[in-house]
Structure formats: C-alpha cells, structure tokens
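Colleague: FYI, the numbering for the sequence shown is 1 to 337, going by UniProt numbering.
Cβ atoms here follow ideal geometry from the backbone N, Cα and C, with glycine treated the same way.
Source: prediction; values computed, not measured.
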Amino acid sequence: MSGAFVIPKFDDTLGPLLLGGMFAMALWGITCVQTYTYFNRPRRDRPALRAIVAFLLMLDTFDTSLNLHLTYHYMVTNYFNARALFIPVWSVILHVAVTATSNFMIRTLFAQRIYHLSKGNKLITGWIMLISMTDLVTGIIITVKAFGLKTYLELDTLSNLMYLTFAAGTGSDLSVAIALCWLLRSSRTGFKQTDSMIKTLMMYTVNTGLIVAIDAALGMILYIVMPNNFIFLGFYLLLSKLYLNSYLATLNARQQLREKINEPVSIHLSEMTQSSRRYEPDPISPVLSEKTSQNSAAQLAISIQTMVDKKVDSAETSPTRRSMESSQQQLYQPRAF
1 MSGAFVIPKF DDTLGPLLLG GMFAMALWGI TCVQTYTYFN RPRRDRPALR
51 AIVAFLLMLD TFDTSLNLHL TYHYMVTNYF NARALFIPVW SVILHVAVTA
101 TSNFMIRTLF AQRIYHLSKG NKLITGWIML ISMTDLVTGI IITVKAFGLK
151 TYLELDTLSN LMYLTFAAGT GSDLSVAIAL CWLLRSSRTG FKQTDSMIKT
201 LMMYTVNTGL IVAIDAALGM ILYIVMPNNF IFLGFYLLLS KLYLNSYLAT
251 LNARQQLREK INEPVSIHLS EMTQSSRRYE PDPISPVLSE KTSQNSAAQL
301 AISIQTMVDK KVDSAETSPT RRSMESSQQQ LYQPRAF
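#1: According to DSSP, simplified to helix, strand and coil, what is Asp45?
#2: Near Thr99, which residues of its chain fall below 8 Å by C-beta distance, leaving aside the five closest residues on each side in sequence?
#3: What residue range does the alpha helix (DSSP H) around Lys119 cover?
#4: Please state the DSSP three-state secondary structure of Tyr79.
#5: Helix, strand or coil for Ala26? Go by DSSP, reduced to three states.
#6: Helix, strand or coil for Lys145 per DSSP?
#7: Ignore the nearest five residues each way along the sequence and tell me which others in Thr143's own chain have a CB closer than 7 Å to its CB.
#8: Report, in whole angstroms, the separation of the C-beta atoms of Pro47 and Tyr152, which I expect to be a contact under 8 Å.
#9: With a Cβ-Cβ cutoff of 8 Å, do Gly219 and Phe230 count as a contact?
#10: Closer than 8 Å is the cut-off here; do at least three beta carbon pairs connect the segment 72 to 88 with the segment 51 to 62?
#11: Which of helix, strand or coil does DSSP assign to Phe55?
#12: Distance check for Cys32 and Tyr163, CA to CA, integer angstroms please.
#13: Tell me the rounded alpha-carbon separation between Pro42 and Phe55.
#14: Give the DSSP-derived three-state secondary structure of Met226 in the structure shown.
#15: Between the Cα of Gln112 and those of Lys150, Val225, Leu180, spot the shortest distance and give me the residue it belongs to.
#16: Decide yes or no for the touch test of the segment 243 to 252 against the segment 19 to 38: beta carbon pairs closer than 8 Å, at least 3 of them.
#17: Buried or exposed, going by whether 16 or more other CB atoms sit within 10 Å of the CB of Asn245?
#18: Would you check if the distance between the CB atom of Thr71 and the CB atom of Leu18 is smaller than 8 Å?
#19: What residue from Met105, Leu183, Leu123, Asp135 has the CA that sits closest to Leu117's CA?
#20: Return helix, strand or coil for Ile87, following the three-state DSSP convention.
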C-alpha cells in the first residue's frame, strides 16, 4: 500500500458514515418507542429482565451518541481537513466494544429462551453461547488494539480479528433464528389457535433474525472486498440497533399473541344436535357403548345448559322465556341407553 497522501473519495468515506448514522438515529427512535411500549403495558416479567431492557436502552443511547460524535468529528470539525479521514477517532473505536456487548446480552437472552424451549438442550445453547462469546471477546480485543492505530491503513493488521468477529456474529444470529424456528415448529399441537400463534412466532423469528444476519453478512463481505473505505462501517453502525429492536419486537408481541389465542370459539347448537342425533350405540360392546353414550349425552347437556344460561343472563326473564328454557332443558337431558 502506498504511503503517499491521496484525497479519499467522500462517496465511500463520509457518505456511508452519513447514511449509516441517519438510519442508526431512526432505529434509535424506534427503540425508544418500543421500550416505552414495553414498560407502559402491564407485565409479569421478572425485575431482572426489566432492568436488562432498561440497561440495553441506555447502552443503545450511548452508542447513538458515539455515532453523532464521529459524524460531527469528520463532517464538521474536520470539514476542510481531508487527512482526518485517515485517522481513527475514539468514538468509532469504542463503538466496536459497545456493539459487541449489546449483541452478546441480547444473544444470551435468546439462548436462555432456547434453553427453556428445548427442555435443557445444552448442545444447542452451548453452541450459541460459544460463538456469541467469541464475538464479544474479539470485539473487545479489536477495540483495545485499535486505540494503538495511527491511521486506518493499519487496520490490515487486525483483519483476521475483523473476519472472526463478523463471522461469529453472523453465525450466532443464524443459529438463534434456526434453533428458534426448529423448536417452535416441533411445538405444534394440532390445535388451530395454538398452531397459529406458533406460526406467527416463527414469522417474527425469521423476519427479525434474517435482517440482523443479512446486515452482519453484508458488513463482512464489504470489508473483505473493500477494506480501504467506510462502506462496511455504514452497515456495522446498524447492527446492535437492529438486534435490539428485533428482541423488543418479540417482547411486545406477546400481549397480542395472548389475545389471539384467547379468542372465544363459537359453536352452533344445530351442529351439536345434529351430531347427537347421528349417534347410535355400538351393539358389539354394550357396556362400553352405554358408558360412552352417557358421557356423550352428559357433555352435550352441560354444553347446551351453559350456553342457555349465558343468553338468559343478558336478557330480561319473562314467563314465556322461562317456559321455553324449561322445555329446552328437558329436551337435552341425558338419557340412559
């Protein structure tokens, strides 16, 4: 690499910083809204989880202030100083450690969820924690070593660590998404409402997990292809914010899913009476047939009696209505076959 000074192109240096910073600010705003929604709704979450969510918001706010500082440093303070683009500023270096810490905490929360869903599968959980820890450790090492760099041209000395942290981040994100989808798919019960909720959770997992994994993969590919510009940095600035928003989205979606699964199911009385009329005792096994018919008739009488009571409570009682109810109750009393 030549040591002669060449004025860098602003399209692949300041441009990615500007666009990445703008999108990062927008994502921070979404994070604030989602966090407000989380704390504003009645929750039964453990105090530890609520404290972690609050800490993640503060960490993301600090990360946003780092984005503002590096943007202001290169675009305002050193507006006429093109040489400043070659010198790493402390805020962009510290951003690596903050991103690694935030992502590790969120992956740990996802790993805990996977551990419970898999009924204590240590192999899957251990793999996710291993590559998540690899991303955290390499991120901290990069931060420490980067403070000793004089120019971005020396970033090549840390290229192996950069490859490792990008690969570990992408691998852990994909592992979390695949593990959650597999566990949710195997949890299907055959009931329509429960399976619908599981399908919705799988869609949340795929959509949010793939977005984070694609962003990390693009950052890694762009760094490998173009290591001498800031295009990869534009994607890296979004990584922790995308991950935090994906986790908050799953937390806030729980109330909606609970309401969906608790929706009442309407059953028409005509269908129940028709099914009861079609019933005939089994002549082969009279004892079993008698018990089955008694249980079936009892269940039918209980179901109809409950539905009639609900209708009576919501209307005024009159002699005519009372006589109709009495006839209905007598009509559906269980008979002994």
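Modeller: So, from the data block:
#1: Residue state, collapsed to three classes: coil.
#2: Excluding the 5 residues flanking it on each side, Thr99 has same chain C-beta neighbours closer than 8 Å at Asp63, Gly139, Tyr236, Leu239, Ser240, in chain order.
#3: Note, Lys119: premise wrong, no alpha helix (DSSP H); not H, not E.
#4: Secondary structure at Tyr79: coil, using DSSP grouped into helix, strand and coil.
#5: Judged by DSSP in its simplified three-state form, Ala26 adopts helix.
#6: In the structure shown, Lys145 sits in a helix (DSSP, three-state: H, G or I).
#7: So the qualifying residues of the chain are Ile93, Leu94, Val96, Ala97.
#8: Incorrect: roughly 44 Å between the Cβ atoms, too far for contact.
#9: Cβ atoms of Gly219 and Phe230: not closer than 8 Å.
#10: Contact between the segment 72 to 88 and the segment 51 to 62 is absent, because fewer than three Cβ pairs lie under 8 Å.
#11: The three-state secondary structure of Phe55, taken from DSSP, is helix.
#12: Across the structure, Tyr163 and Cys32 are spaced so that their CA atoms are roughly 32 Å apart.
#13: Note on geometry: alpha-carbon atoms of Pro42 and Phe55 lie some 19 Å from one another.
#14: Here Met226 sits in coil by DSSP.
#15: Ranked by Cα distance from Gln112, the first of Lys150, Val225, Leu180 is Leu180.
#16: In short, these stretches touch, since the Cβ pair count reaches three.
#17: Asn245 should be labelled buried.
#18: Here Thr71 is near Leu18, since their CB atoms are less than 8 Å apart.
#19: When only C-alpha atoms are compared, the closest one is Leu183.
#20: Correct three-state label for Ile87: coil.
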